[in-house]
Structure formats: structure tokens, C-alpha cells
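**Q** One structure, as C-alpha cells, below. Some questions next.
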Amino acid sequence: MLAPSRETLHGWFDPDLPPALTVDPGATVTIGCLDSGWSTGPHDGGDLAARERHPAWEPGTGHALTGPVAVRGARPGQVLSVRVDDVVPGAFGTTYCGLRDTPLNRRLGVLDDPVVLRWTIADGVATTQHGHRVAVAPFLGVVGVPPAEPGRHSTVPPRWHGGNLDCRELVAGSTLYLPVTVPDALLSVGDGHAAQGDGEVSGTAIECPVDATLTLDVLDDLHGLELRTPVAHTPAGWVAMGVADDLDTATGHALDAVLDLMGALHGVGRSEALALASVLVDLRVTQVVNQVVGVHALLPPGRLLPR
């Protein structure tokens, strides 16, 4: 198991960060992750800013990520396949609202009444200090490879090669496909969520530590397609993701990818694929809180019947 430690934790993406682990394509690895805020234990109800963090935390860093994991031989232009075999949440989680002065929080009028929900997680259910109960559906909010450009890059905005995607469809049984940007891929993961709604509208899900078991492989392409954005095959169906500064552009990116995928899978032209997508595909707002916004196009299984 690749455990969170001073040697494996980091709060940024960097193509020059040495790998914490190197594996061959096809390898399965279990990775331990802190919660996104580097917490070492459950919130005690006091000042959230004073919560104890892992000693590897540095002021100004982003999400607590574990890695990088180098996948031997992966080359830029190829596709990294990340199969999610299992995601096991820890025993505690936190959700907060109104603690950051954002345009959305100002619009919704929550800055004068901040809330912190403290969750206990057991037997597939998360329970707040007020008795609210939620069935868990754990996943990794951050799964990504670094930009090719040198230097440290923020973990907050998702990018065309992954990162802080916050896509709640990426539960166990999913395979996420990411464009490889640097030699050996250098995958980092973190930001465990026990449960989240589409949009992650307060800015947080049930933020929790997780142990994630992943199988990593390298492909030359995805069904003959050169990958330009994250795509996933999930229990809910095929998911094509778009990220951009605005929802219209993100929608265009997601649709562009799902049309390519429909053409590859079903042998239809682009215009026919768009006409079919208007009948078959669901557009969902992935998140609206990560500096850029995300939209994913979902093609559920079985909607297009055999001819």
C-alpha cells in the first residue's frame, strides 16, 4: 500500500516531482489518501482553521494528494487507464458551507451563517452531528497527471488531463481514461468523497480519507480516438467530461468528446451522433466551485437498442 506520508504527500501537480512508486502497466496498487484538507482526525467542532493537519502540509498548498505513481513506459499522447477497483472511506468526514467569500455564496446569502457538518461514517452510511443520514457512494475527487509545463500547478482547477474533476460517477467499477502528458504519466490522487451531488454546490462534498485500489494500464488510444479530455466508463454509463471558464464552453467540450465516442462505438457520423445524443445523452453539471466549471455528458447503458 502507498500510504500518505512526508515522502508521498504533496499539494500541487509538478512534472518534475519524483515518483513515490513506479509500477508496470497492468499493476494494481492501493493508495491511502488524507481528506482534501490534510486532516489527521475528525473535526471536533472548534475552529476549522485550527484543525490539526498532517506535518507534510505547507501553507498555500492545495488538496492533499498521494503519489506520484509512475507507470513505466507511458508516453505523452498515449492514454492512462485508471480502473477503480475499490474506494473505502475512513470513519469521519466534513462538509462546510459559507466559509469562503465566493460569488455563489454571496448570491445565496450564506456568508453570515456558516455551517460545518461533522459526519461519522460506518456500514455504508454517513451521519451528521444533527442526525442527518446519507448513503455513501465513495470516489476520488482528484485523479490526474501533471501538466507538461515545468513548475508547481494548483490542484484546484481540473484540466483536460484530469485533476480535481469531482465527478461523482467515478465510483468502484469505473475506469477513467486520461491523456498522458509526461513520461511515465506520474499519477496523483486524493480528495476522497464519501458522497457528493452533481455540482458540489457548497464547495465541499463529504470530505474524508479513503483507501483506493486502482489498476493502472497504458493504451495507445481509446477505441481508435486520440483523447483530448477525460473520459470514463462507469456503472452509470460512458462519461465524457468538459472543463472551461463557463458552462457553455464546458458543455461543448463534453459533447465533442461524447460524439467522438458514439461514432467509435456505434459507427455513426457526427451529425447523426448529435441527433441521437439529443435523445440518449444526459448533460450534468459536474461541479461549479473549482475556479473553472465542469460538465459531463452521460451515455447510459442500454439506451441505444440493437438494430
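Note that our numbering numbers the sequence shown so that position 277 is 506, with each residue one more than the last. Cβ coordinates follow ideal geometry from the N, Cα and C atoms, glycine included. Note that the structure is a prediction, hence the values are computed from the model and not measured.
In the DSSP output, what is H382 paired with across the bridge?
**A** DSSP output for H382 lists F242 as bridge partner(s).
**Q** Examine chain B for any beta-carbon lying closer than 7 Å to the beta-carbon of V517, and answer yes or no.
**A** Considering every chain present, this structure includes no chain B. It has just one protein chain.
**Q** Curious, which full-length alpha helix (DSSP H) runs of at least 4 residues does the region 333–382 contain?
**A** Entirely contained in the region 333–382, not one alpha helix (DSSP H) run reaches 4 residues.
**Q** Taking the C-alpha atoms as reference points, what is the distance between D264 and L490?
**A** Cα to Cα, the separation comes out at about 33 Å.
**Q** Going by C-alpha to C-alpha distance, which of V447, P288 and D485 sits closest to P408?
**A** Among V447, P288 and D485, the Cα nearest to that of P408 belongs to V447.
**Q** State the DSSP-derived secondary structure class of E501, mapped to helix, strand or coil.
**A** Correct three-state label for E501: helix.
**Q** Check whether the region 394–411 touches the region 307–316, counting contact only when three or more Cβ pairs, one atom from each stretch, lie closer than 8 Å.
**A** Contact between the region 394–411 and the region 307–316 is present, because at least three Cβ pairs lie under 8 Å.
**Q** Less than 7 Å between the beta carbons of D440 and T259, yes or no?
**A** Against a cut-off of 7 Å, the Cβ pair of T259 and D440 comes out as a contact.
**Q** Distance, Cα to Cα, V371 vs V344?
**A** Roughly 24 Å between the two C-alpha positions.
**Q** With distances taken Cα to Cα, identify the nearest neighbour of R536 among P379, G496, L476 and H359.
**A** Taking only the C-alpha atoms, the option nearest R536 is G496.
**Q** Assign L534 to one of two classes, buried (16 or more other C-beta atoms within 10 Å of its C-beta) or exposed (fewer than that).
**A** So L534 ends up on the exposed side.
**Q** Is it the case that the region 294–303 contacts the region 236–247, given that we only count it when at least three CB pairs across the two stretches are under 8 Å?
**A** The answer is yes - the region 294–303 touches the region 236–247, with three or more Cβ pairs under 8 Å.
**Q** Flag this pair as touching only if the region 317–325 and the region 345–353 have three or more C-beta atom pairs under 8 Å; answer yes or no.
**A** Contact between the region 317–325 and the region 345–353 is present, because at least three Cβ pairs lie under 8 Å.
**Q** So, helix, strand or coil for D276, using DSSP?
**A** Correct three-state label for D276: coil.
**Q** So the candidates are V522, L528, H462 and G419; which of them puts its Cα closest to the Cα of L333?
**A** Measuring from the Cα of L333, the nearest candidate turns out to be V522.
**Q** Going by other Cβ atoms of all chains shown within 10 Å of its Cβ, with 16 needed for buried, is L443 buried or exposed?
**A** With 16 or more Cβ atoms within 10 Å of its Cβ, L443 is classed as buried.
**Q** Would you tell me roughly how many angstroms separate the C-alpha atoms of A232 and V418, rounded to the nearest one?
**A** Spanning the two alpha carbons is a distance of roughly 12 Å.
**Q** Among D420, L505, D511 and G360, which has the Cα closest to the Cα of V524?
**A** For the residues D420, L505, D511 and G360, the minimum Cα distance to V524 belongs to D511.
**Q** Mind reading off the beta-carbon distance from L488 to L509? Whole number of angstroms is fine, and I expect it under 8 Å.
**A** Not a contact, Cβ separation roughly 11 Å.
**Q** If you draw a straight line from the C-alpha of S234 to the C-alpha of D474, how long is it?
**A** Their backbone Cα atoms lie some 34 Å apart in a straight line.
**Q** Within 10 angstroms of the Cβ of Q520, are there 16 or more other Cβ atoms? Answer buried if so, exposed if not.
**A** Burial call: exposed.
**Q** Excluding the five sequence neighbours on either side, which residues of its own chain have a C-beta within less than 7 Å of the C-beta of T384, listed in chain order?
**A** The answer, listed in chain order, is G240, W241, F242, G291, H292, L294, V371, G392 and N393.
**Q** Quick one: give me the first and last residue of the alpha helix (DSSP H) that L476 is part of.
**A** L476 to H495 is the span of the alpha helix (DSSP H), which, as asked, contains L476.
**Q** Could you give the C-beta distance for A465 and L527, rounded to a whole number, given that I count them as a contact under 8 Å?
**A** About 6 Å; that satisfies the 8 Å criterion.
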